[in-house]
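One structure is given here, and the rest of the page talks about it.
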Amino acid sequence: MLKKKQIREAEIPTASQADLAFLLLLFFLVSTVIDVDTGLGLTLPEYVPPEEQVMVKVDPERMAAVLVNEQGDVLIDGEIVSLFQIKNMIKPRIMSKVDLPLSKKLIVSLKTDRKTVYNQYIAALDQIKLAFFEARDEVSQSRFGRKFKDLTTEQQEVIKDAVPIIISLAEPEQVK
Amino acid sequence: MKFQKRRANTKQEIPTTSMPDIVFMLLMFFMVVTTLREVDVLVQFKLPEAQAIEKIENKRLVSYIWVGKDKRIQIDDSIVKLDEIENIMYAKRQALPNIIVSLRIDQGTDMGMVTDIQQALRKAYCLRVNYSATLKI
Numbered sequence: 001m002l003k004k005k006q007i008r009e010a011e012i013p014t015a016s017q018a019d020l021a022f023l024l025l026l027f028f029l030v031s032t033v034i035d036v037d038t039g040l041g042l043t044l045p046e047y048v049p050p051e052e053q054v055m056v057k058v059d060p061e062r063m064a065a066v067l068v069n070e071q072g073d074v075l076i077d078g079e080i081v082s083l084f085q086i087k088n089m090i091k092p093r094i095m096s097k098v099d100l101p102l103s104k105k106l107i108v109s110l111k112t113d114r115k116t117v118y119n120q121y122i123a124a125l126d127q128i129k130l131a132f133f134e135a136r137d138e139v140s141q142s143r144f145g146r147k148f149k150d151l152t153t154e155q156q157e158v159i160k161d162a163v164p165i166i167i168s169l170a171e172p173e174q175v176k
Numbered sequence: 001m002k003f004q005k006r007r008a009n010t011k012q013e014i015p016t017t018s019m020p021d022i023v024f025m026l027l028m029f030f031m032v033v034t035t036l037r038e039v040d041v042l043v044q045f046k047l048p049e050a051q052a053i054e055k056i057e058n059k060r061l062v063s064y065i066w067v068g069k070d071k072r073i074q075i076d077d078s079i080v081k082l083d084e085i086e087n088i089m090y091a092k093r094q095a096l097p098n099i100i101v102s103l104r105i106d107q108g109t110d111m112g113m114v115t116d117i118q119q120a121l122r123k124a125y126c127l128r129v130n131y132s133a134t135l136k137i
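Chain order of the listed sequences is A and B.
First residue of the first sequence? That's 1 in the working numbering, and the numbers climb one at a time after it.
First residue of the second sequence? That's 1 in the working numbering, and the numbers climb one at a time after it.
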């Protein structure tokens with residue numbers, strides 16, 4: 001007797017598919033790190049060997065020399081100020097040079113002792129950057145009526161030309 | 001006379017057949033976004049705080065240098081010596097010309113150390129640096 005072959009329906013149960021997907025999803029949700037790196041950006045000067053270094057005279061009017069010593073005392077152009085005054089000291093000087101050509105813009109030179117704590121250095125650098133950012137905001141507010149970050153790319157370029165961030169790290173002195 | 005309650009004949013169910021699809025879409029998003037942590041940080045550090053911080057737009061260009069509380073320096077997966085930094089970073093720069101070096105330095109470190117690292121970076125021509133800091137509120 002021949003039996004007719006039964007055709008069974010072959011199906012994969014899909015009811016639990018959603019659960020599986022959820023599990024995977026949870027894994028990736030948990031392991032994802034979306035936080036972006038934040039920090040103070042800076043471009044270091046090129047390395048020049050000490051014997052090839054040339055002294056360039058810079059107009060003292062252009063320079064703002066910021067010195068931070070190991071106690072965290074700050075000296076701007078020979079004047080003792082507190083760490084949190086740096087911004088207010090530098091900003092007017094940036095603002096006064098907005099309309100001058102690039103070769104006359106303010107250079108902020110930052111120098112520290114070898115024993116200065118890193119935290120203090122960052123705080124000083126932060127103040128200097130804040131001064132530049134606020135100056136940029138003010139200039140863009142007066143020219144375009146908007147804050148710097150809301151401008152278009154071309155407008156930002158204009159402002160960047162008017163207020164370039166020039167921070168110079170002083171060449172470390174040889175330790176005797 | 002009989003009053004019949006008026007009821008809609010339609011079923012009140014949310015169709016769940018497309019739920020897996022939606023979940024898979026979400027899954028895909030997270031899979032693409034995820035970067036699994038590649039390195040174990042071996043040093044202990046606490047980042048300084050700052051206000052004028054910027055985001056690093058391109059994560060692929062970033063290479064990290066850690067400096068811990070105990071003044072150990074870590075690059076990638078290993079603790080390195082100060083005079084090794086130059087060669088390591090030079091090799092990295094060869095592979096990735098516009099590299100950004102993110103310095104994750106403990107807030108109590110001496111500037112002498114930081115200056116030495118910076119000098120090494122300058123010699124290795126890695127000039128774009130970023131002092132990692134958290135936002136001060």
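For glycine and all other residues, C-beta sits at the position ideal for the given N, C-alpha and C.
All of these numbers come straight from a predicted model, not from anything done at the bench.
Subject >> Runs of alpha helix (DSSP H) wholly within the stretch 80-122 of chain B (minimum 4 residues, chain order) >> reply: 85-95
**OP:** Check the C-beta distance from B:Lys81 over to B:Asp106 and give it rounded, since I have them as a contact under 8 Å.
**Re:** No, B:Lys81 and B:Asp106 are not in contact; Cβ-Cβ is about 18 Å, not under 8 Å.
Original post:
Along the stretch 146-166 of chain A, what residues have a CB closer than 8 Å to any CB found in chain B?
Top reply: none
Original post:
For B:Gln118, does the count of other Cβ atoms within 10 angstroms reach 16, so buried, or fall short, so exposed?
Top reply: buried
Original post:
What residue range is occupied by the uninterrupted alpha helix (DSSP H) comprising A:Asn88?
Top reply: Counting along the chain, the unbroken alpha helix (DSSP H) around A:Asn88 starts and ends at Ile86 to Met95.
Original post:
When burial is assigned at 16 or more other CB atoms within 10 Å of the CB, is B:Arg104 buried or exposed?
Top reply: buried
**OP:** Give the DSSP bridge partners of B:Tyr64, in chain order.
**Re:** B:Ser102
**OP:** Give every residue of the same chain whose Cβ lies closer than 6 Å to the Cβ of A:Pro50, excluding the five residues on either side of it in the sequence, and list them in chain order.
**Re:** none
**OP:** Note down, in chain order, every chain A residue with its Cβ under 8 Å from the Cβ of B:Phe45.
**Re:** Residues of chain A passing the Cβ test: none, with the nearest at roughly 10 Å.
**OP:** Using a Cβ-Cβ cut-off of less than 8 Å, give me the residues of the stretch 8-39 of chain A that come near chain B, in sequence order.
**Re:** Thr14, Gln17, Ala18, Ala21, Phe22, Leu24, Leu25, Phe28, Leu29, Ser31, Thr32, Val33, Ile34, Val36, Asp37, Thr38 and Gly39
Original post:
First and last residue of the alpha helix (DSSP H) that includes A:Gln155?
Top reply: Thr153 to Ala162
Subject >> Sequence-distant residues of the same chain with beta carbon closer than 6 Å to A:Ala123, five excluded per side >> reply: Leu83
Original post:
From what residue to what residue does the alpha helix (DSSP H) around A:Val139 run?
Top reply: Tyr118 to Phe144
Subject >> Sheet register partners of B:Ala52 (DSSP bridge) >> reply: DSSP lists no partner for B:Ala52.
Subject >> The beta strand (DSSP E) enclosing A:Ala10, as first and last residue numbers >> reply: That residue, A:Ala10, is in no beta strand (DSSP E); it is neither H nor E in DSSP.
Original post:
Looking at C-alpha atoms only, which residue of B:Arg72, B:Val62, B:Pro15 and B:Pro48 is the closest neighbour of B:Leu96?
Top reply: B:Val62
Subject >> At least 3 beta-carbon pairs within less than 8 Å: the stretch 19-27 of chain B vs the stretch 6-25 of chain A >> reply: Inter-segment contact for the stretch 19-27 of chain B and the stretch 6-25 of chain A is present: three or more beta-carbon pairs are separated by less than 8 Å.
Original post:
Can the beta-carbon of B:Asn130 be found less than 8 Å from the beta-carbon of B:Ile100?
Top reply: Yes, the Cβ-Cβ distance between B:Asn130 and B:Ile100 is below 8 Å.
Original post:
Under a three-way DSSP split, which group does A:Lys176 fall into?
Top reply: Unreliable positioning characterises A:Lys176 in this predicted model, as indicated by a pLDDT of 42, which lies under 50. The coordinate reading is nonetheless provided below. If DSSP states are grouped into helix, strand and coil, A:Lys176 belongs with coil.
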